[in-house]
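The sequence shown maps to residues 32 to 483 in the numbering used here.
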Amino acid sequence: MSSYPTAFLRPNPTFIMSEAFPNVPKIPYEGPKSRNPLAFKHYNRDEVVAGKSMAEHLRFAGAYWHVMRGELSDPFGKGTALMPWDDGSNSLENAQKRAHVFFEFLDKLGLDYYCFHDRDIAPEGKDLAESNQLLDGVVETLQQLQQQTGKKLLWGTACLFTHPRYMHGGATSCSADVYAYAGAQVKKALEATHKLGGLGYTFWGGREGYATLWNTDMKREREHLARFFHMCVAYKKEIGFTGPFYIEPKPQEPTTHQYDSDAEACLNFLREFDLMEHFKLNIETNHATLAGHSMRHELAVAAGADALGSIDANRGDLLVGWDTDQFPTDIYLTTEVMLEVLKCGGFTTGGLNFDAKRRRESFEPIDLFYAHIGGMDAFARGLKIAHAIREDGRLEEILKQRYSTWDSAIGAKVERGEATLHDLEAYALKNGEPKVQSGRQEMIENLINEYL
Ligand code: XUL
Ligand code: CO
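This is how it looks when you write it as structure tokens:
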């Protein structure tokens, strides 16, 4: 066991909310005419849209790793972010202080949820036992902060990609010893998530893939990953954690190829290894576009399999080929996302987690607020527009008409699973040359623009 002094593991009993952002008030809703950059123009948390408040629909979460640990480095330069509250040390006290600052941030923005990796909230110790102890210390602080503020954990996860031991992967490592270490780390992260009442638990396999096939036994690695997930399912049941597991697809970066490359690949994996009932997907915009898909495509694939669990809200840059994790500000994008979310009945355990970071040049703490305000307002508009499009009903009617031949005669027979090729032939001979209709794409796009 580690000899970390237990006094440090006790959270501060007096608990005083820090004032890391003294010049930032609680962000108010001031409406579209406001010119105050520290106010919401569209996100009015209690305003009811389609029978639910905006806050209930959108379920915004702050990402601990970006807000508190994002130094804003890029592949060519070191971090620029100013974090005056952070002493830069790996001490437990510093980690606990950060947690207080984070909750001040959540509170001022009115973010109801948050997400973390184990190693964002607590430092890595000299060995696994000490790392676990440090994590316990911060989890206690977070538990207190949640109780005081009513904020909730949307999901937790384990960081199986930063430490050099994971250079070949965690659950797909060529080393069984590393695999065991990864299992131990996930076990602890699951316990932490459960203790904090987490609504879900995410697996993002950043290094679960390969750099080159020359040194990789892909079949074996995928089977190891499936066994890993089955062990996690068993442990989840053992501790009574009832939230869903999410897989977050991404095609590459840092690997050349990640096994969870896109929604279809994830669903195939889950079906192949009999894991479907335990997992949903956490779809991230910039990962979708890196995979060569639109965000809407990935959401539709997940929703089609009844596996749309949660969303990592961000966007990429058309001109930059890596995961830039920018804040979502494009109303067209947020409208498409909210159309898909509303279509499948809204979030249950999931939400919109801002897995997004400021640009390296936006290095002041106040920029954290501008960034999130913009993302929240963009999604509030997306929600309202998506609802208006659905209320209007014209789009739905166009789709209904487009597929109307499936509602009767041979179409209905096929859908009921009662048709054979003999039936199709008999019908086609009698029916003659089929009449085809215009897809009306431009007309539909014009219709959508009426709402923007
Ligand atoms: C990395 C990424 C992660 C996951 C959680 O691209 O999106 O932050 O969301 O591990
Ligand atoms: Co993410």
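We put the beta carbon where it would ideally sit given N, CA and C, even for glycine.
Every value quoted in this text rests on a predicted model; they were computed, and no experiment measured them.
Going straight from the alpha carbon of Asp143 to that of Ser49, what length do you get? 18 Å
Alpha carbon to alpha carbon, what distance is there between Gln357 and Lys281? 16 Å
Mind the definition here: the region 284-291 touches the region 322-337 only if three or more C-beta pairs lie below 8 Å; say whether that holds. no
Host beta strand (DSSP E) of Thr188 (start-end): 183-188
According to DSSP, which residues form a beta bridge with Asn485? Since the first residue of the chain shown is 32 and the last is 483, residue 485 is not available in this structure.
Backbone CA spacing between Asn151 and Glu481 [nearest angstrom]: The sequence as given places Asp at residue 151; Asn does not occur at that position. Answer to the nearest angstrom: the Cα atoms are 43 Å apart.
Can you give the Cα-Cα distance for Tyr212 and Trp96, rounded to whole angstroms? 22 Å
At what residues does the alpha helix (DSSP H) containing Gly231 begin and finish? Segment 231-234 is the beta strand (DSSP E) holding Gly231; no alpha helix (DSSP H) there.
Roughly how many angstroms separate the alpha carbons of Asn477 and Leu483, rounded to a whole number? 10 Å
Note down, one range per segment and in chain order, each beta strand (DSSP E) of at least 3 residues found wholly within the region 149-185. none
Quick check: what's the CA-CA separation for Thr247 versus Ala112? 38 Å
What's the call for Pro59, buried or exposed, on a 16-neighbour Cβ count within 10 Å? exposed
If I measure Cβ to Cβ from Phe259 and keep anything under 6 Å in the same chain, skipping five residues before and after, which residues do I get? Ala202
Between Asn67, Ala189, Ser439, Ser206, which has its C-alpha nearest Thr233's C-alpha? Ala189
Is DSSP giving Lys83 helix, strand or coil here? strand
Mind checking whether the beta-carbon of Asp291 lies closer than 7 Å to any heavy atom of the ligand CO? no
Going by the beta-carbon positions, is the gap between Leu370 and Ile420 smaller than 8 Å? yes
Asn163 versus Pro154: straight-line alpha-carbon distance, rounded: 10 Å
With distances taken between CB atoms, is the gap from Pro396 to Phe52 smaller than 8 Å? yes
Any residue with its Cβ nearer than 5 Å to a heavy atom of the ligand CO should be included. What is that list in chain order? Glu315, Asp343, Asp386
Within the region 403-428, ranges of the beta strand (DSSP E) (whole runs, at least 3 residues): none
Is the distance from the Cβ of Tyr290 to the Cβ of Gly236 below 8 Å? yes
Please determine, among Ala242, Met99, Tyr434, the residue with the shortest C-alpha to C-alpha distance to Tyr145. Met99
May I ask you to verify whether the region 73-91 touches the region 400-412, counting CB pairs closer than 8 Å and requiring at least 3? yes
If you draw a straight line from the alpha carbon of Ile475 to that of Thr366, how long is it in whole angstroms? 14 Å
Assigned secondary structure, Lys267 (DSSP; H/G/I helix, E/B strand, else coil): helix
Excluding sequence positions up to five away, which residues of its chain have a Cβ less than 6 Å from the Cβ of Ile416? Thr366, Tyr482
What are the start and end residues of the alpha helix (DSSP H) that includes Leu69? Element bounds for Leu69: n/a, residue is neither H nor E.
Should the region 383-392 be regarded as contacting the region 420-439, the criterion being three or more beta carbon pairs within less than 8 Å? no
Between Ile362 and Val372, what straight-line distance do the alpha-carbon atoms span, to the nearest angstrom? 15 Å
Taking a contact to mean a Cβ-Cβ separation below 8 Å, would you say Lys219 touches Leu166 in this structure? yes
Please work out which residues of its chain come closer than 6 Å, Cβ to Cβ, to Phe192, disregarding the five sequence neighbours upstream and downstream, and give them in chain order. Gly237, Arg238
Nearest-angstrom Cα separation, counted from Leu159 out to Pro115: 30 Å
Length of the line joining the Cα atoms of Glu392 and Gly108: 11 Å
If the criterion is Cβ atoms closer than 8 Å, does the pair Gly274 and Leu230 meet it? yes
Uninterrupted beta strand (DSSP E) stretches inside the region 286-357 (no shorter than 3 residues): 310-315, 339-343
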